[in-house]
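Chemist:
Numbering (the numbering used here), first residue to last: 801 to 982.
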């Protein structure tokens, strides 16, 4: 049987002494303040993405709008779930989720878009997904083994953002008049 790096009695004593820290123990290896900041930036990103997809859902018009709008609505719901997961993790780590609408777009990695052209909506949503993919990949790598739980959350979000990007690329490829961009 393998031995613990720290004896179990010491682990138990620390657990009792620092009970108010909840899940954050001496084994936590990341910069907690910076992790909370990054989580809040990602939260802002997911909220902005939810709002953008909702706007696009409600304002999509034209011959091909119905299936595209359905995709927008599905993505909006999934982005909201992402925001909820991030907010829960922030609270779990002892932080406060920042839902302040006055600073939301400044803190977000992605931009809000008010396009009315269906193809432009898809392109802007695809750009936002690519921004999230790049940012979440970098965040997961940065977290490494310092905070494996938060890293796994970002890896889960990343997988769904990649799926969203693939969905949007597929929509662009199927719509007439939407010349593919490199």
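From the three backbone atoms N, C-alpha and C, an ideal C-beta is built for every residue, glycine too.
Only a predicted model underlies this, so the values are computations on that prediction, with no experimental measurement involved.
Below 8 Å between beta carbons: does that hold for residue 950 and residue 835?
Modeler: On the chain shown, residue 950 is found 150 positions in, with the first residue counted as 1. On the chain shown, residue 835 is found 35 positions in, with the first residue counted as 1. Yes, the Cβ-Cβ distance between residue 950 and residue 835 is below 8 Å.
Chemist: Less than 8 Å between the beta carbons of residue 842 and residue 886, yes or no?
Modeler: On the chain shown, residue 842 is found 42 positions in, with the first residue counted as 1. On the chain shown, residue 886 is found 86 positions in, with the first residue counted as 1. Yes.
Chemist: Can you check the stretch 873-910 for any alpha helix (DSSP H) of at least 4 residues that lies completely inside it and give the ranges in chain order?
Modeler: 904-907
Chemist: Should residue 917 go down as buried or exposed, given a rule of 16 or more other Cβ atoms within 10 Å for buried?
Modeler: Start at 1 with the first residue of the chain shown, and residue 917 comes out as number 117. By the neighbour-count rule (16 or more Cβ atoms within 10 Å), residue 917 is not buried but exposed.
Chemist: Residue 893 and residue 832: beta carbons closer than 8 Å?
Modeler: For the purposes of this step, residue 893 is identified with residue 93 of the chain shown, where counting begins at 1. For the purposes of this step, residue 832 is identified with residue 32 of the chain shown, where counting begins at 1. In this structure, residue 832 lies closer than 8 Å to residue 893 by Cβ.
Chemist: If we count the other Cβ atoms within 10 Å of its Cβ and call it buried at 16 or more, is residue 900 buried or exposed?
Modeler: Stepping through the chain shown from its first residue, residue 900 is reached at position 100. The Cβ neighbour count for residue 900, taken over all protein chains shown within 10 Å, is under 16; the residue is labelled exposed.
Chemist: According to DSSP, is residue 912 part of a helix, a strand, or is it coil?
Modeler: Mapped onto the chain shown, residue 912 falls at position 112. Here residue 912 sits in coil by DSSP.
Chemist: Give me, in chain order, the residues of the same chain whose beta-carbon lies closer than 7 Å to that of residue 975; leave out the 5 immediate sequence neighbours on both sides.
Modeler: Against the chain shown, residue 975 aligns to sequence position 175. Cβ neighbours of residue 975 beyond the five flanking positions: 864, 919.
Chemist: Using a C-beta cutoff of 8 Å, does residue 855 count as contacting chain D?
Modeler: Of the chains in the structure shown, none is chain D; there is only one protein chain.
Chemist: Would you decide whether residue 852 is buried or exposed? Buried here means 16 or more other CB atoms lie within 10 Å of its CB.
Modeler: The residue labelled residue 852 in the question sits at position 52 within the chain shown. Residue 852 should be labelled buried.
Chemist: Starting from the N-terminal side, write out each stretch of the alpha helix (DSSP H) that is 4 residues or longer and does not extend beyond the stretch 810-872.
Modeler: 832-859
Chemist: Considering only residues of the same chain and omitting the five flanking positions on each side of residue 955, which have a CB-CB separation below 7 Å?
Modeler: Working through the chain shown from its first residue, we reach residue 955 at position 155. Only 940 meet the Cβ criterion.
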